[in-house]
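Read through the structure below, which is laid out as structure tokens, and then see the notes.
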């Protein structure tokens, strides 16, 4: 392992020239004791501005042109951040995806990273210069510009950290770290000093969107320790650790929740092989993300098939299910948009039983009705009424002593 | 010669999404009868916006970073213009300097073009697709981004036209063509249908800044016919022709003038070999452009040395001449900032005498005093009082029947 730290700064962290100046101070300070590589997002608002320019020429611009357009945001911020470092006497040099050969697939707007020229990056570092690399951008084998999708800069940073065998990847953002739950709902929610990769994956997939899920998967795969911290306030943030902490594991590390959800139930579906695929296949083809899929036990050869989707996909789902109705029979389609998901996450659940029953007991004592339950090894997800989410989170936060 | 036309659109031509849409119509229309390659500048205002962002980090940003920053303006406009063409059903594809290997020297902000990958451009054209190429940008042998300096997109267009052996290079701008003089001064100034390269060089070097001087030199060297025309109004513009039109040449083709000039006179200089170099060497080292250099005949081994510079260089010149005074002696330094230059340009002057005397007579009859005269084969330049410029231009425009 090298002694290099990769620092990634998101859009709000570099949202103005004053912010860029503050970020340059953070980098300068860190560079006094460590070798640093920086990955930077576009200034916040910049990408949206470019997207709205493109919209004048139709709703579906050519994806190659679209990526060439929006990737300029990162080129701008990397050059400006480099100038800010120069103004503080720090040696730095900006690099685009093309310049460090950040090779990706040619799936424009959702490109996947294939390779990075780590020699180029290392030769800059060896010259006592800090490379300031554009996040989000990629380049294909034929030299076309791609982007990794929204939030892709996190993935850029982790990929580079993996490639140069960095000691750690620090993701600077506008929050102080990962909390046991949303401090807006539970005032004594606590910042976690560390969290396991698996817990983070479950949390990031839910409401706790401080780091892109794909970046965490990448970090997990290549064993890159990641730290999430604030570029606005000092603090050590939350370390997303590689090691499973064993006996010390908290039963429950955090509580995530997600509003703006819709529960879709196909009531009285024929319970034959292939039914689930016939329902979920067309939905997946439409690139709609489905969560909490539950199929009840069959009664008289009929079953209920339920899943949740984001509210914004509600209309699309209706159309798709009308098509599905041509192929499979069901009695009723029930759509409930007044629901939300709440999840308890913790690697401690694995080795200790009783989390589920403790959860259900606490909610029942507080008159919160659970509509659907879905569990994994380290997560319990419940679908409840949307207007009971705040209460449920507060009750569970207290029950599992997350404020201690 | 191929049957390809290179079309270049400047910043005001693509200054808004509506303008980009109008330019796409021009391209689509031209593509019905010709093979087209497009070179595009940044949307007007975009480059200045980027420059002002950079200024937050000091007055002298690193030139490599500065070029990486400001070159994004062209990447944006080329992607947007390509989208606009797609929306009209025209096949097009954007290309950055890196993507077409627009190789330059590494003199950032003033890079010189070395080579272009014409095979890449030709393969796009052969695929019935219009290449939309970023002007102004270049790339060094090591992959660093450069820019060609302000107005460099004209040079990009002419260089590409030369490399692919294009039939013509059309420079679209916000004026209808080259006029006999500024229509704001002489209301019946006439648009010229054609002008020779040499005349254009003399005019572009003076006030008539519709096309970059370097681009004209490039066109002259590689024999690329250039046409200047408006992207706002229909019209055939002005053809900058390769051929000297011989007997048909107008005596005077146009009148250029330049205000904001300063006349600098070193009075009573020792007339010894090397004096001119001792004066002009340090000024040239400071990258100050000097024009209309005149040295009068020597009297008693002393002479007067006079030249003009732009008003913005006035302070710098004073400092330099103080230094020069350490090495050579002179009696007085006289600086006159209330002067202007007026030039008559025409290849016809070459073969016919009498232009000068006709000029001096007309000006004298109208009480315009000529302070300095400097002539070349196809140009007569006079320094006169600044507040007499309008009158002088009107008198000469009429005298040489340029309105006919």
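Protein chains in written order, with the working numbering: chain U, 221 to 624; chain F, 221 to 624. For every residue, glycine included, the Cβ atom is placed at its ideal position computed from N, Cα and C.
- Taking a beta-carbon distance threshold of 8 Å, residue 281 of chain F counts as an interface residue toward chain U.
- Secondary structure at residue 480 of chain U: strand, using DSSP grouped into helix, strand and coil.
- Where residue 357 of chain F is concerned, the enclosing beta strand (DSSP E) starts and stops at 357 to 359.
- The shortest CA-to-CA distance from residue 289 of chain U to any of U:302, U:301, U:306, U:270 is the one to U:270.
- In the structure shown, the three-state DSSP call for residue 445 of chain F is coil.
- Only residues of its own chain outside the window of five on either side were considered, and among them 389, 435, 438, 439, 444, 446 have a CB closer than 7 Å to the CB of residue 378 of chain F, listed in chain order.
- Taking a Cβ-Cβ threshold of 7 Å, the residues of chain F close to residue 319 of chain U are 363, in chain order.
- Excluding five sequence positions before and after residue 386 of chain F, the CB atoms of its chain that fall closer than 8 Å to its own CB belong to 221, 222, 224, 225, 226, 257, 380, 444, given in chain order.
- Rounded to whole angstroms, the gap between the alpha carbons of residue 295 of chain F and residue 292 of chain U is 7 Å.
- Counting only residues of its own chain and dropping the five nearest sequence neighbours on each side, residue 479 of chain U has a CB closer than 7 Å to the CB of 560, 606, 609.
- Within the segment 579 to 592 of chain U, not one residue has a Cβ closer than 8 Å to any Cβ of chain F.
- The CB of residue 299 of chain F comes closer than 7 Å to the CB of 285, 288, 289 in chain U, given here in chain order.
- Shortest Cα-Cα distance from residue 613 of chain F to any of F:285, F:588, F:597 involves F:588.
- For residue 586 of chain U and residue 475 of chain U, the gap between their C-alpha atoms comes out near 17 Å.
- Contact check for residue 504 of chain U against residue 534 of chain U fails: the beta carbons are separated by 8 Å or more.
- For residue 240 of chain F, the secondary structure class from DSSP, reduced to helix, strand or coil, is helix.
- Contacts with chain U at 8 Å (Cβ-Cβ) include residue 296 of chain F.
- With fewer than 16 other beta carbons inside 10 angstroms of its own, residue 493 of chain F counts as exposed.
- Residue environment analysis places residue 396 of chain F among the buried positions, since at least 16 neighbouring C-beta atoms fall within 10 angstroms of its C-beta.
- Sequence-ordered contacts of the segment 235 to 254 of chain F with chain U read 237 [C-beta pairs closer than 7 Å].
- With three or more CB-CB distances shorter than 8 Å, the segment 235 to 246 of chain U counts as touching the segment 302 to 309 of chain U.
- By the rule that beta-carbons nearer than 8 Å mark a contact, residue 409 of chain U does not touch chain F.
- Distance from the CA of residue 348 of chain U to the CA of residue 355 of chain U, rounded to the nearest whole angstrom, comes to 21 Å.
- Taking C-beta atoms as the reference points, residue 329 of chain U and residue 267 of chain U fail to come closer than 8 Å.
- Spanning the alpha carbons of residue 253 of chain U and residue 247 of chain U requires a straight line of approximately 11 Å.
- Along the segment 253 to 274 of chain F, going in chain order, the ones with a CB nearer than 8 Å to a CB of chain U are 270, 273, 274.
- Closest in C-alpha terms to residue 372 of chain F, from the list F:405, F:431, F:319, comes F:431.
- With a cutoff of 8 Å on beta-carbon distance, residue 528 of chain F and residue 512 of chain F are scored as near each other.
- As the crow flies, the alpha-carbon of residue 402 of chain U is around 12 Å from that of residue 622 of chain U.
- In this structure, the straight-line span from the alpha carbon of residue 250 of chain F to that of residue 312 of chain F is close to 14 Å.
- Annotation: the continuous beta strand (DSSP E) that includes residue 522 of chain F extends over 522 to 530.
- About 6 Å separates the beta carbon of residue 473 of chain U from that of residue 565 of chain U, a gap short enough to meet the 8 Å contact definition.
- The beta carbon of residue 551 of chain U is closer than 7 Å to those of 487, 488 in its chain, skipping five residues each way along the sequence.
- In this structure, the CA atom of residue 459 of chain U is about 15 Å from the CA atom of residue 433 of chain U.
- In the structure shown, the three-state DSSP call for residue 305 of chain U is helix.
- Taken atom to atom, the span from the alpha-carbon of residue 619 of chain U to that of residue 514 of chain U is near 27 Å.
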